[in-house]
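A short write-up of the structure that comes next.
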Amino acid sequence: MTSFKTIIIAVITAILSFYSASILAQEIKDTLILKETVVTGSRTAQLQGSITQKIEVLSKKEIEATVAFNRNIADVLFNRPGNSVSVLSRNDANWGTFGGIGPKYSTFMLQGLPIDAFIDPMTLDLSAIDRIEIQRGPASVIYSNYLSQDFAGNQSPLAGTVNLILKEKFTAPSTRFASSYGSYNTFNNQFYHQNVSNGINYYFGLNNEISDYTDYGIPNSWLNMKKNPEYRKTKAFGGLTWFSDDQNQKFTLFINKTFHKGDAGRVYRGFDHNYGIVNAGYTLKFNNNITFQAHAGWRNYDRSWQESHFNIIDSLDSENGVIQNIIPADAQINIKHGEKNNLTAGIDYQGAEYYTWSDPLQGFRSYGNKSRAWQSGFYVQEEAHFGKLIARGGIRYNFTKTNIALINGGAPGEPSKVWSKLLYSAGLRYNASKKVSLFANAGTSFMTPGLKSVGGTIKTGDTLHSGQLPNPDLKPESGFGIDFGADLALMENFVLSARLFNLQVTDAIIDNVVRQNPSQSQSINAGKTNSKGGELELKIKMKNYLEAFANLTYMKTVVNNEFDADQDGGTVPFSPELIINAGASFTAPFGLQITPMLNYNGGYYDNTSISSRNEFVPGILLNVFVSQEILKNDKSKVSLFGQFYNITDNEYEMPWQFKNTGFSFQAGLNAEF
Numbered sequence: 094m095t096s097f098k099t100i101i102i103a104v105i106t107a108i109l110s111f112y113s114a115s116i117l118a119q120e121i122k123d124t125l126i127l128k129e130t131v132v133t134g135s136r137t138a139q140l141q142g143s144i145t146q147k148i149e150v151l152s153k154k155e156i157e158a159t160v161a162f163n164r165n166i167a168d169v170l171f172n173r174p175g176n177s178v179s180v181l182s183r184n185d186a187n188w189g190t191f192g193g194i195g196p197k198y199s200t201f202m203l204q205g206l207p208i209d210a211f212i213d214p215m216t217l218d219l220s221a222i223d224r225i226e227i228q229r230g231p232a233s234v235i236y237s238n239y240l241s242q243d244f245a246g247n248q249s250p251l252a253g254t255v256n257l258i259l260k261e262k263f264t265a266p267s268t269r270f271a272s273s274y275g276s277y278n279t280f281n282n283q284f285y286h287q288n289v290s291n292g293i294n295y296y297f298g299l300n301n302e303i304s305d306y307t308d309y310g311i312p313n314s315w316l317n318m319k320k321n322p323e324y325r326k327t328k329a330f331g332g333l334t335w336f337s338d339d340q341n342q343k344f345t346l347f348i349n350k351t352f353h354k355g356d357a358g359r360v361y362r363g364f365d366h367n368y369g370i371v372n373a374g375y376t377l378k379f380n381n382n383i384t385f386q387a388h389a390g391w392r393n394y395d396r397s398w399q400e401s402h403f404n405i406i407d408s409l410d411s412e413n414g415v416i417q418n419i420i421p422a423d424a425q426i427n428i429k430h431g432e433k434n435n436l437t438a439g440i441d442y443q444g445a446e447y448y449t450w451s452d453p454l455q456g457f458r459s460y461g462n463k464s465r466a467w468q469s470g471f472y473v474q475e476e477a478h479f480g481k482l483i484a485r486g487g488i489r490y491n492f493t494k495t496n497i498a499l500i501n502g503g504a505p506g507e508p509s510k511v512w513s514k515l516l517y518s519a520g521l522r523y524n525a526s527k528k529v530s531l532f533a534n535a536g537t538s539f540m541t542p543g544l545k546s547v548g549g550t551i552k553t554g555d556t557l558h559s560g561q562l563p564n565p566d567l568k569p570e571s572g573f574g575i576d577f578g579a580d581l582a583l584m585e586n587f588v589l590s591a592r593l594f595n596l597q598v599t600d601a602i603i604d605n606v607v608r609q610n611p612s613q614s615q616s617i618n619a620g621k622t623n624s625k626g627g628e629l630e631l632k633i634k635m636k637n638y639l640e641a642f643a644n645l646t647y648m649k650t651v652v653n654n655e656f657d658a659d660q661d662g663g664t665v666p667f668s669p670e671l672i673i674n675a676g677a678s679f680t681a682p683f684g685l686q687i688t689p690m691l692n693y694n695g696g697y698y699d700n701t702s703i704s705s706r707n708e709f710v711p712g713i714l715l716n717v718f719v720s721q722e723i724l725k726n727d728k729s730k731v732s733l734f735g736q737f738y739n740i741t742d743n744e745y746e747m748p749w750q751f752k753n754t755g756f757s758f759q760a761g762l763n764a765e766f
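Those letters in the sequence shown? Residues 94 to 766, per my numbering, in order.
Take a look at the structure:
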């Protein structure tokens with residue numbers, strides 16, 4: 094599945110990046126010490142070296158230098174090890190794989206409260222994010238599943254988590270305006286303001302983009318675009334944090350609303366999506382050893398779209414939609430005891446409602462699927478320190494109930510289902526010194542099938558419309574994951590990280606591409622699924638001038654299904670064997686910043702079926718971010734910036750007859766006061 098020539102190009106690029114970095118390293122000294130970053134690995138602030146899992150922190154500077162071509166937070170994770178993010182277009186949800194096991198085995202969280210990994214990364218604005226914490230390895234005790242019924246269904250932290258940490262504390266007011274223009278007649282305007290008043294830190298912002306966009310389907314695809322697929326996307330958000338005078342209490346609130354409206358390149362292929370997120374949290378520090386915190390939120394997904402009959406003149410077939418509401422909540426107490434030990438206990442809850450509707454020009458909506466689901470969990474975890482050794486162990490009891498009122502337009506065979514499961518997670522970390530650290534983790538997971546997977550969005554036997562085919566016979570899936578690795582500071586400026594992992598899922602629910610034209614998929618239980626692999630990452634950081642990295646991820650996936658010879662020995666969809674990333678960020682004393690990023694993807698299949706699967710090989714993708722300060726003083730900063738995506742104009746094909754649209758740019762001005 095890999096091309097030797099493109100691998101050589103990627104490796105040479107990585108070597109050149111580190112060669113130039115080594116030259117500068119002879120002149121610049123900046124010690125890179127392991128494990129000194131404060132993260133929220135157990136929902137409370139801890140030094141990174143106190144957590145057994147592998148955690149990587151992306152700073153605000155790294156986030157701002159991202160070429161976010163798809164206007165998606167998933168773009169920020171594109172060059173990180175252990176994952177392969179596939180964003181089909183600016184108008185579509187995320188796909189890909191985490192740890193080679195599929196797209197739904199690493200959860201996304203906002204301030205520790207779960208959000209949807211497929212949708213919410215494209216609805217949130219990066220201006221509200223302070224940093225991103227990426228945890229790789231099993232994390233199914235402290236963090237719950239996400240009870241989504243849409244797209245690929247429930248999401249589990251078997252392979253890890255991505256925690257988006259919001260801004261919360263400011264020392265001075267600041268206002269930012271940004272305006273840019275780019276390919277496809279794309280106009281983007283942003284406003285952001287932050288301040289602190291009477292102990293309340295607050296911020297709010299607006300991001301509005303309008304674009305003609307361009308055809309993102311391969312020639313003669315089911316999309317059959319007759320015009321540019323224009324869109325308008327508006328994100329409005331605001332947040333506040335209140336601290337008590339003694340800093341022992343904290344209240345946080347965040348609200349986000351996104352409007353996404355446009356079409357898929359035809360007059361009667363319009364869409365109108367509205368998304369909402371609310372996060373609230375309260376923290377009470379009783380003393381230096383005992384802390385209580387609670388969170389609650391609301392996630393709203395309201396998507397509607399048109400289906401039409403393609404002809405010389407389009408004719409409207411139907412109006413369709415999906416509405417989903419999810420309410421997550423949790424409460425937790427954290428007790429520090431002994432010298433450095435940490436006991437965490439808590440409960441969490443999620444309630445979800447989901448239904449699909451269609452109006453085939455009859456003047457009223459007919460429901461296709463309608464359900465409610467509940468999930469609750471109780472967990473306890475202990476982190477014990479024995480000198481340089483840290484041992485972690487925890488258990489979670491999970492309860493899930495689904496009530497199905499309607500499935501695929503008819504009565505369900507089993508209107509109510511209940512599942513309960515005891516999960517565990519454990520880990521070790523040995524901090525031999527500030528330069529050497531070893532770690533190992535293991536854990537289990539359990540996921541029930543989502544209603545979209547069970548009931549679909551189109552009827553069985555439909556060969557005319559795109560969507561999800563139903564599969565009412567789906568079974569829940571159970572997973573087990575293990576990893577071990579090391580972080581080594583080879584020199585003052587260099588850190589080498591290595592991690593091996595093995596993930597297994599029984600009765601894995603996998604989305605297979607059934608048809609390319611029209612675009613149809615179906616969820617199936619794929620027997621026993623296994624992903625074995627490893628990551629190797631090298632980082633260099635020199636103060637004020639240069640940061641560089643290179644990483645490699647190898648993933649070997651296999652599906653074992655003794656009941657279906659065509660799937661036995663197949664691979665997990667969207668999971669490439671080899672991914673190579675390399676990049677650097679150079680900042681000159683006169684305010685110039687240049688950040689090139691390279692990604693090589695060796696290719697993947699879209700189906701577990703050996704006879705009918707299709708192979709896709711993205712190859713090399715090269716992006717560059719450039720900015721130049723033109724004014725800077727104590728009160729303001731003005732800079733010009735440019736984002737250059739897919740510089741080699743690699744229009745590779747993707748599943749469901751989508752394609753990468755090739756080279757594009759976005760350039761503009763950013764002013765901060």
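Virtual Cβ for every residue (Gly too), placed ideally from N, Cα, C.
Taking three-plus beta-carbon pairs below 8 Å as touching, is the region 460-479 in contact with the region 190-210?
No: fewer than three Cβ pairs fall under 8 Å.
Please report the distance separating the alpha-carbon of Ala92 from that of Ala161.
Outside the shown range of the chain (94 to 766) lies residue 92, about which nothing can therefore be said.
Three-state secondary structure (DSSP) at Ala221?
In the structure shown, Ala221 sits in a helix (DSSP, three-state: H, G or I).
So, helix, strand or coil for Ser469, using DSSP?
Of the three classes helix, strand and coil, the one that applies to Ser469 here is strand, per DSSP.
One question on the structure: do Gly60 and Tyr697 come within less than 8 Å of each other, judged by their Cβ atoms?
What is shown of the chain runs 94 to 766, which leaves residue 60 out entirely.
For my contact list, Val598 and Ile194 are in at a C-beta cut-off of 8 Å; report their separation, rounded to the angstrom.
The Cβ separation is near 6 Å, so the contact holds.
When DSSP labels each residue in this structure, what does Trp749 get in the three-state scheme?
Trp749 falls in the helix class under three-state DSSP.
Return the chain-ordered list of same chain residues with a C-beta closer than 6 Å to the C-beta of Lys326, the five sequence neighbours on each side being excluded.
Cβ within range, chain order: Glu302, His353.
If you follow the alpha helix (DSSP H) that Lys153 is part of, which residue opens it and which one closes it?
Counting along the chain, the alpha helix (DSSP H) containing Lys153 begins and ends at 153-157.
Here's a check: name, in chain order, each residue in its chain whose Cβ is nearer than 6 Å to the Cβ of Ser538, leaving out the five neighbours to either side.
Result list for Ser538: Ser233, Ser249, Leu251, Gly572, in chain order.
Quick one: grab the DSSP three-state call for Ser290.
In the structure shown, Ser290 sits in a strand (DSSP, three-state: E or B).
Taking all protein chains shown into account, decide if Asp566 is buried (16 or more other Cβ within 10 angstroms of its Cβ) or exposed.
Label assigned to Asp566: exposed.
Is there a Cβ from chain B that is less than 8 Å from the Cβ of Thr345?
Of the chains in the structure shown, none is chain B; there is only one protein chain.
Below 6 Å CB to CB, which residues in the same chain sit around Val371 once its five sequence neighbours on both sides are set aside?
Within the same chain, Val371 has close Cβ partners Ile348, Gly390, Trp391.
Could you give the residue range of the beta strand (DSSP E) that holds Tyr638?
Taken as a continuous stretch (DSSP letters only), Tyr638 belongs to no beta strand (DSSP E), as it is neither H nor E.
With DSSP as the reference, label Ile703 as helix, strand or coil.
DSSP places Ile703 in coil when its eight states are reduced to three.
With three or more beta-carbon pairs closer than 8 Å as the criterion, would you say the region 720-727 touches the region 736-754?
Too few Cβ pairs lie closer than 8 Å, so no.
Grouping DSSP H, G and I as helix and E and B as strand, with all else coil, what is Ile166?
Helix at Ile166.
In angstroms with no decimal places, state the Cα-to-Cα distance between Leu593 and Gly676.
Going from the Cα of Leu593 to the Cα of Gly676 covers about 23 Å.
What residue range does the beta strand (DSSP E) around Ile551 cover?
Run containing Ile551: none; DSSP gives neither H nor E here.
Can you tell which of Val169, Leu203, Pro174, Ile156 has the C-alpha that lies nearest to the C-alpha of Asn187?
Ranking the options by Cα distance to Asn187, first place goes to Val169.
Quick check on Val511: buried or exposed, where buried means 16 or more other Cβ atoms within 10 Å of its Cβ?
The residue is exposed, with fewer than 16 neighbouring Cβ atoms inside 10 Å.
Is Pro689 helix, strand or coil when you go by DSSP?
In this structure, Pro689 counts as strand in the three-state DSSP scheme.
For Asp441 and Arg706, I'd like the C-alpha separation in whole angstroms.
Near 40 Å, if we compare the C-alpha coordinates of Arg706 and Asp441.
Going by DSSP, which residues form a beta bridge with Asn842?
Shown here, the chain extends from 94 to 766; a query on residue 842 therefore has no answer.
Quick one: what's got a C-beta closer than 6 Å to Leu346's C-beta in the same chain, skipping five residues either side?
Contacts found: Leu333, Ala373.
Under three-state DSSP, which class holds Leu117?
Note that Leu117 has pLDDT 40, beneath the 50 cutoff, so the model's placement of it is unreliable and no number is given.
Could you give the distance in angstroms between the alpha-carbon of Asn282 and the alpha-carbon of Val606?
Whole-angstrom Cα-Cα distance: 37 Å.
Just the C-alpha distance for Arg396 and Tyr368, rounded to the nearest angstrom, thanks.
Arg396 and Tyr368: Cα-Cα distance of roughly 8 Å.
According to DSSP, which residues form a beta bridge with Trp391?
Note: Trp391 sits in a beta bridge opposite Val371.
By Cβ distance below 7 Å, which residues in the same chain neighbour Thr137 in space, the five residues on each side in sequence not counted?
Thr384, Asn427.
Considering only the alpha carbon of each residue, which of Leu219, Thr701, Lys153, Ala643 lies closest to Thr664?
Measuring from the Cα of Thr664, the nearest candidate turns out to be Thr701.
Would you kindly work out how many angstroms separate the C-alpha atoms of Gly761 and Ala658, rounded to a whole number?
One C-alpha to the other measures close to 55 Å.
Could you tell me the boundaries of the beta strand (DSSP E) in which Gly192 lies?
No beta strand (DSSP E) contains Gly192, which DSSP labels as neither H nor E.
Residue range of the beta strand (DSSP E) that Pro207 falls in?
It spans 206-208 - the beta strand (DSSP E) in which Pro207 sits, taken as one unbroken run.
Helix, strand or coil, according to DSSP, for Gln141 in the structure here?
Reduced to three states, the DSSP call for Gln141 is helix.
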